[in-house]
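Heads up, the thing below is written out as structure tokens.
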Amino acid sequence: LAYVQPGRVSVEVRHVIRNPIDLTAALAAECGAEDRFWGNHRAILRSQGRWLAADLAASSKPWKFIFVHHPLMSSGPHGRDDYNFNGVPDPEELAAVLLPLARAHGVQVIFSGHDHAYERFRPVPRVHCVVTGGGGGTLYPWSQRAPASVQFHARWHCVVVDVAELRFIDHAGLIAARR
1 LAYVQPGRVS VEVRHVIRNP IDLTAALAAE CGAEDRFWGN HRAILRSQGR WLAADLAASS
61 KPWKFIFVHH PLMSSGPHGR DDYNFNGVPD PEELAAVLLP LARAHGVQVI FSGHDHAYER
121 FRPVPRVHCV VTGGGGGTLY PWSQRAPASV QFHARWHCVV VDVAELRFID HAGLIAARR
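Structure, rendered in structure tokens:
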């Protein structure tokens with residue numbers, strides 16, 4: 001830690017844009033004036049589905065994973081969120097968009113966070129869903145069992161994935177689940 005006298009430092013932030021993900025992150029970080037934020041935000045999100053479909057269609061990789069923040073299903077407290085107040089739980093809305101896309105393009109696993117716990121679900125036709133949000137913050141308890149849930153652990157953890165198995169490793173290094 002060092003003390004820097006006022007007037008002695010100049011900072012310039014420049015986004016390095018290498019691909020569409022960098023572009024989206026740069027635009028999301030600087031969405032313009034406050035009165036235009038929501039319009040800009042919706043415009044960015046509206047194009048994500050088309051971008052993801054095109055990217056998945058162009059991939060010839062044998063293993064495909066999707067990473068999102070909000071879960072497609074969850075037994076934690078965010079399993080019934082309705083941030084857009086339309087009466088439909090957000091996980092159901094997200095699943096309605098991502099699961100058909102994932103099936104159509106051979107995605108094996110969709111990873112999410114948001115709920116600070118580990119949860120694995122039985123495959124919903126050909127796609128595994130995993131909530132892995134126990135990397136640091138306050139852990140979230142089990143709230144209401146999601147229908148496809150097969151494991152729920154409110155523990156700090158990481159998830160190790162290889163093409164042969166999925167392992168849940170808690171903060172003490174114990175392997176608590178294998179699939």
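Note that our numbering gives residue 43 to position 43 of the sequence shown, counting from 1, and the numbers run on in steps of one. Idealized CB from N, CA, C, for every residue including glycine. Bear in mind that the values here come from a model prediction, so they are computed numbers and not experimental data.
- The criterion of a C-beta distance shorter than 8 Å is not satisfied by residue 107 and residue 124.
- With a threshold of 16 other beta carbon atoms within 10 Å, residue 150 falls short and is exposed.
- Within the same chain, 130, 150, 151 come within 6 Å of residue 120 by CB-CB distance, once the 5 residues on both sides are set aside.
- Assignment of beta-bridge partners to residue 157 by DSSP yields 170.
- The C-beta distance from residue 116 to residue 139 rounds to 5 Å, short enough to meet the 8 Å contact threshold.
- Distance from residue 52 to residue 99 at the Cβ level is roughly 13 Å; contact not present, criterion being Cβ atoms closer than 8 Å.
- Between residue 156 and residue 142, the alpha-carbon positions lie close to 14 Å from each other.
- Setting aside the 5 residues that flank it on each side, residue 133 is surrounded in the same chain by 113, 114, 115, 116, 117, each with a C-beta closer than 7 Å to its C-beta; the list follows chain order.
- For residue 74, the closest of 85, 153, 159 by C-alpha to C-alpha distance is 153.
- Under DSSP, residue 130 shares a beta bridge with 111, 120.
- Counting only unbroken stretches of 4 or more residues, the alpha helix (DSSP H) elements lying wholly within the stretch 37-76 are 37-58, in sequence order.
- The C-alpha of residue 50 is placed about 24 Å away from the C-alpha of residue 85.
- Here residue 79 is buried: its Cβ has 16 or more other Cβ atoms, across all protein chains shown, within 10 Å.
- In the DSSP assignment, residue 103 falls within the alpha helix (DSSP H) that extends over 90-104.
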